[in-house]
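Reading through the structure tokens given below for one structure.
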Amino acid sequence: MQYWLIKSEPDAFSIDDLQAANVEPWDGIRNYQARNFMRDQMKVGDQVFFYHSSCAAPGIVGICEVASEPYPDPTAFDPEANYYDPKSDPDKPKWILVDMKFVKKLEQVISLAELKTMPELAEMRLLKKGNRLSIMPVEKSEWEFIMGIAG
DNA sequence: GCCAACGTTGGC
DNA sequence: GCCAACGTTGGC
């Protein structure tokens, strides 16, 4: 089993939205690296940190898990959708996603500012300068350390 | 709103 | 294949 972190802007889709939906196709990803993680490496049951970005208090707010095999992102084929990509052919889909299933909200949010102060997380991908990936792997040691903080 | 970092596009 | 221009991300 592997560990991951996914970012979402809470104004667009928050951990509460995921809780309400229970299972949500993680659509709209239009970055090859992020897509490749979903397509090639995610397995059903992998554990995932849910991170709020571009907001007043960015940080890890909850946990979800991979809940499907990879499959084509339907929003890429829909001209009405925000994430429509005319270059994605249904016969040869360019964008691939998995479903995410709500697991729990953390009892206390672990803020980005707090994460940055932890020497144990100095190598964490999320904290690297210039990082913009919206889906990234998390090391087991990092996962366990953060779960320790979360209590 | 600003700006640094990064990914993508497109001309050549 | 190079690289400048442009658009996006995301913290502050």
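Under numbering that gives the first Met the number 0, the residue at position 114 of the first sequence is numbered 113, and the numbers go up by one with no gaps.
Built from N, CA and C at the ideal position, the CB exists for glycine as well.
Query raised in the report: What distance in whole Å lies between the Cβ atoms of residue 105 and residue 44, which are believed to be in contact at a cut-off of 8 Å?
Result: In this structure residue 44 is not in contact with residue 105, their Cβ atoms being roughly 20 Å apart against a cut-off of 8 Å.
Query raised in the report: Of all the options 123, 99, 146, which has the alpha carbon lying nearest to the alpha carbon of residue 23?
Result: For residue 23, the closest alpha carbon among the candidates 123, 99, 146 is that of 99.
Query raised in the report: For residue 121, which residues of its own chain have a beta-carbon under 6 Å away from its beta-carbon, when the five flanking residues on both sides are left out?
Result: By the criterion of a C-beta distance shorter than 6 Å, residue 121 is surrounded by no residue of its chain, once the five residues flanking it on both sides are discounted.
**Report entry** Where residue 100 sits in the DSSP three-state scheme
**Finding:** Here residue 100 sits in strand by DSSP.
Query - Opening and closing residue of the alpha helix (DSSP H) in which residue 142 lies - result: First-last of the alpha helix (DSSP H) with residue 142: 139-149.
Query raised in the report: Pick from 108, 85, 147, 28: whose alpha carbon is nearest that of residue 133?
Result: Per the Cα distances, 28.
Query raised in the report: Leaving out five residues before and five after residue 1 in sequence, what residues of the same chain have Cβ atoms less than 6 Å from its Cβ?
Result: Cβ neighbours of residue 1 beyond the five flanking positions: 45.
Report task. Please state if the CB of residue 72 and the CB of residue 26 are separated by a distance shorter than 7 Å. Result -> It is a contact, given that the beta carbons lie within the stated cut-off.
Query raised in the report: Across which residues does DSSP place residue 71 in a beta bridge pair?
Result: In the DSSP secondary-structure assignment, residue 71 is bridged to 95.
Query - According to DSSP, residues forming a beta bridge with residue 49 - result: In the DSSP output, where bridge partners are listed per residue, residue 49 has 5, 61.
Requested in this report: Buried or exposed for residue 7, please, with buried defined as at least 16 other CB atoms from any protein chain shown within 10 angstroms of its CB.
Outcome: By the neighbour-count rule (16 or more Cβ atoms within 10 Å), residue 7 is buried.
Query raised in the report: Got a sec, what are the start and stop residues for the beta strand (DSSP E) residue 23 sits in?
Result: That run of the beta strand (DSSP E) goes 22-24.
Requested in this report: Label residue 66 either buried or exposed according to how many other C-beta atoms from any shown protein chain fall within 10 Å of its C-beta, with 16 as the threshold for buried.
Outcome: Looking at its Cβ environment, which holds 16 or more other Cβ atoms inside 10 Å, residue 66 is buried.
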